[in-house]
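Just so you know, the protein sequences line up as chains A and B, in that order.
Numbers 1 to 238, taken from the numbering used here, label the letters of the first sequence in order.
Numbers 239 to 476, taken from the numbering used here, label the letters of the second sequence in order.
Report on the following structure.
Number of protein chains: 2
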Amino acid sequence: MRPKVILFGDSITEESFTNGGWGAALADHFSRTADVVLRGYSGYNTRWALKVAARAFDGVCEDGEWPLALTVFFGANDASIHDRSSGFQHVPLDEYQSNLRSILSFLKERWPTTVIVLITPPPIDEDGRLRNPFGDDPSGLPERTNDSAGAYAKACIAVAAESNIPVIDIWSKMQQFSGWEKSFLRDGLHFTAPGNKILFEEVVKKLEERGISVDTLPVDLPLISEIDPKDPLKAFDK
Amino acid sequence: MRPKVILFGDSITEESFTNGGWGAALADHFSRTADVVLRGYSGYNTRWALKVAARAFDGVCEDGEWPLALTVFFGANDASIHDRSSGFQHVPLDEYQSNLRSILSFLKERWPTTVIVLITPPPIDEDGRLRNPFGDDPSGLPERTNDSAGAYAKACIAVAAESNIPVIDIWSKMQQFSGWEKSFLRDGLHFTAPGNKILFEEVVKKLEERGISVDTLPVDLPLISEIDPKDPLKAFDK
Chain A
1 MRPKVILFGD
11 SITEESFTNG
21 GWGAALADHF
31 SRTADVVLRG
41 YSGYNTRWAL
51 KVAARAFDGV
61 CEDGEWPLAL
71 TVFFGANDAS
81 IHDRSSGFQH
91 VPLDEYQSNL
101 RSILSFLKER
111 WPTTVIVLIT
121 PPPIDEDGRL
131 RNPFGDDPSG
141 LPERTNDSAG
151 AYAKACIAVA
161 AESNIPVIDI
171 WSKMQQFSGW
181 EKSFLRDGLH
191 FTAPGNKILF
201 EEVVKKLEER
211 GISVDTLPVD
221 LPLISEIDPK
231 DPLKAFDK
Chain B
239 MRPKVILFGD
249 SITEESFTNG
259 GWGAALADHF
269 SRTADVVLRG
279 YSGYNTRWAL
289 KVAARAFDGV
299 CEDGEWPLAL
309 TVFFGANDAS
319 IHDRSSGFQH
329 VPLDEYQSNL
339 RSILSFLKER
349 WPTTVIVLIT
359 PPPIDEDGRL
369 RNPFGDDPSG
379 LPERTNDSAG
389 AYAKACIAVA
399 AESNIPVIDI
409 WSKMQQFSGW
419 EKSFLRDGLH
429 FTAPGNKILF
439 EEVVKKLEER
449 GISVDTLPVD
459 LPLISEIDPK
469 DPLKAFDK
């Protein structure tokens, strides 16, 4: 039975199977070793994620089966500015941390050995948000700011540290590259193909650090390279 | 619990989550309604697929759970020319049909209500195969031919007809477009992004014909459009 890698998050997770998406890239990477299960909920913040966590994973694993790994990627919506057009998605910083802790507790109790990877909210290209109809606010100011996203990223990293779980600081990582605003973000928030590639590589790296890689996972059924052209069926009798 | 759509096939299935792949496109299409499960085995023919079918689906569904749909996409390797460089993957035409029948019987017995969609082998661009190192044969002739693939496609359609199950004739479909050889096939056999798009659209169409579509499947948890900005939590109490 193949192990599972579950992706739990907001729209950046939900749309991760579009062209060049980080979720699809993970499914391709693990194509013979693990199943990648998509649990992305567009627009959700940690308050709503906490409400639905049990239902979101209903039936994903059999009784007694624990996922190999799980990414938790929320905060982009929590960090919306409270009195602008996406304010109904806003969650205060301290509640964001407390919600993350509750989600982690829920997951650790349900699946104690599953490797959980937290992902911080991504950086925000405010100019990109203002050009996007969803990012428009009557004030003429962006409904999300990079400073706010950064504060939530730091809060996420702090929760990961106190819980001793791996975290991907995608907020900082992306900003190490000049031109990140347009090259990695298509609308100031969601990822372009190169942006997706950055996150994909970070997830693979974090999983490898915890011993999860295509080099160590059992391969599901014989690879073509293991099949003897002179006696192919031998490979299937093992 | 989300229903599952399983993709069972050879390398064209295994690599269907690469950029623009038909499997990833299906996962994206059904992102809130169904889980797409990848069971692609590069190089496999129907003889080997039949050998491993039970193991391939081990643990994919819980006891009593049946997949919503399943694609069966073999034949490209069966149709390899028997005395050329990929000859060890060749399966005679009548055995190909008999293996397909056995795979269908196995699936129908295990999951009686699952919608099974057969997919014919794709057309072959012989020039593309000759330019590919894996397609090279000492004779200077391609190890796969379009005529052979066409014969297996017709045989696949015949099995679908006698079993009364839907079939996608991707061999004919692709050849309806001029320039199919290079625009849809990257190495004479495997799909380019436009080739993947054609198959994705055909799978969506076939599933719709059997009542499976994002318009009829229940959506997993409230959509952001269903969440009242004035009272967001109301949506989660249902």
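The beta carbon of each residue, even a glycine, is placed where N, CA and C say it ideally should be.
Here's a check: name, in chain order, each residue in its chain whose Cβ is nearer than 7 Å to the Cβ of residue i, leaving out the five neighbours to either side.
| i | result |
| --- | --- |
| B/Val-457 | Arg-270 and Thr-271 |
| A/Asp-83 | none |
| A/Asn-19 | Ala-193 |
| A/Asn-96 | In the sequence on display, residue 96 of chain A carries Tyr and not Asn. Contacts found: Thr-46, Gly-75, Asp-78, Tyr-152 and Ala-155. |
| A/Gly-43 | Asp-10, Ser-11, Asn-77 and Gln-89 |
| A/Asn-231 | Per the sequence shown, the amino acid found at residue 231 of chain A is Asp instead of Asn. So the list is empty, once near-sequence residues are dropped. |
What first and last residue would you give for the alpha helix (DSSP H) that runs through residue i?
| i | result |
| --- | --- |
| A/Val-52 | 46-56 |
| A/Val-204 | 193-209 |
| B/Arg-240 | It is not in any alpha helix (DSSP H) - B/Arg-240 carries neither H nor E in the DSSP assignment. |
| A/Trp-180 | 180-183 |
| B/Asp-316 | From DSSP, B/Asp-316 is part of no alpha helix (DSSP H); its letter is neither H nor E. |
| A/Leu-130 | 126-130 |
With residue i as the anchor, note down where its beta strand (DSSP E) starts and where it stops.
| i | result |
| --- | --- |
| B/Thr-352 | Unbroken run through B/Thr-352: none, as it is neither H nor E. |
| A/Leu-26 | A/Leu-26 -> not in any beta strand (DSSP E); alpha helix (DSSP H) instead, spanning 22-29. |
| A/Gly-40 | 35-40 |
Can you tell me whether residue i is helix, strand or coil according to DSSP?
| i | result |
| --- | --- |
| A/Phe-73 | strand |
| B/Gly-247 | strand |
| A/Val-159 | helix |
| A/Gly-150 | helix |
| B/Ile-406 | strand |
| A/Leu-233 | helix |
| A/Pro-67 | coil |
| B/Phe-326 | helix |
| B/Gln-413 | helix |
| A/Asp-94 | helix |
| B/Pro-361 | coil |
| B/Arg-339 | helix |
| B/Glu-300 | coil |
| A/Phe-17 | coil |
| A/Leu-107 | helix |
| A/Pro-133 | helix |
| A/Glu-143 | coil |
| B/Ser-463 | helix |
Between which residues of its own chain and residue i is the CB-CB distance below 8 Å, once the five residues before and five after are set aside?
| i | result |
| --- | --- |
| B/Leu-345 | Ala-291, Leu-308, Val-310, Thr-352 and Ile-354 |
| B/Met-239 | Glu-303 |
| B/Arg-277 | Ile-244, Leu-245, Phe-246, Gly-247, Thr-251, Ala-294, Phe-295 and Val-298 |
| B/Pro-305 | Pro-241, Lys-242, Val-243, Ile-244, Val-275, Val-298, Cys-299, Trp-349 and Thr-352 |
| A/Ala-235 | Pro-222, Glu-226, Ile-227 and Asp-228 |
| A/Gly-87 | Ser-80, Ile-81 and Glu-143 |
Answer yes or no: the CB of residue i versus the heavy atoms of the ligand FMN, is any distance below 7 Å?
| i | result |
| --- | --- |
| A/Ile-119 | Looking at this structure, you won't find the ligand FMN or any other ligand, since it has none at all. |
Can you give me the C-alpha to C-alpha distance between residue i and residue j, rounded to a whole angstrom?
| i | j | result |
| --- | --- | --- |
| A/Leu-185 | B/Arg-367 | 38 Å |
| B/Asp-363 | B/Gly-426 | 4 Å |
| B/Thr-251 | B/Ile-436 | 14 Å |
| B/Leu-288 | B/Pro-361 | 23 Å |
| B/Pro-330 | B/Gly-313 | 10 Å |
| A/Glu-201 | B/Asn-315 | 33 Å |
| A/Ser-163 | A/Lys-4 | 22 Å |
| A/Ser-225 | A/Met-174 | 38 Å |
| A/Pro-138 | B/Leu-471 | 25 Å |
| B/Glu-447 | A/Glu-65 | 35 Å |
| B/Ile-223 | A/Gly-150 | One cannot answer for residue 223 of chain B here, as it falls past the ends of chain B, which runs 239 to 476. |
| A/Asn-99 | A/Ser-105 | 10 Å |
| B/His-328 | B/Ser-254 | 23 Å |
| B/Val-397 | B/Asp-407 | 12 Å |
| B/Phe-429 | B/Thr-454 | 30 Å |
| B/Ile-319 | B/Thr-358 | 17 Å |
| A/Ser-183 | B/Asp-332 | 53 Å |
| A/Ile-103 | B/Asp-466 | 23 Å |
| B/Trp-260 | A/Val-214 | 23 Å |
| B/Val-405 | B/Ala-262 | 20 Å |
| A/Pro-133 | A/Gly-195 | 21 Å |
| B/Leu-356 | B/Ile-403 | 7 Å |
| B/Lys-444 | A/Phe-30 | 28 Å |
| A/Asp-237 | B/Ser-323 | 24 Å |
| B/Gln-414 | A/Asp-28 | 29 Å |
| B/Gly-417 | B/Val-442 | 24 Å |
Excluding sequence positions up to five away, which residues of its chain have a Cβ less than 6 Å from the Cβ of residue i?
| i | result |
| --- | --- |
| A/Glu-181 | Asp-125 |
| B/Ile-410 | A small correction: the amino acid at residue 410 of chain B is Ser; Ile does not occupy that position in the sequence shown. Excluding positions up to five away in sequence, the list is empty. |
| B/Leu-264 | Val-274 |
- Task: Check whether the stretch 153-167 of chain A touches the stretch 135-144 of chain A, counting contact only when three or more Cβ pairs, one atom from each stretch, lie closer than 8 Å.
- Result: Judged by pairs of C-beta atoms under 8 Å, the stretch 153-167 of chain A does not touch the stretch 135-144 of chain A, as fewer than three such pairs exist.
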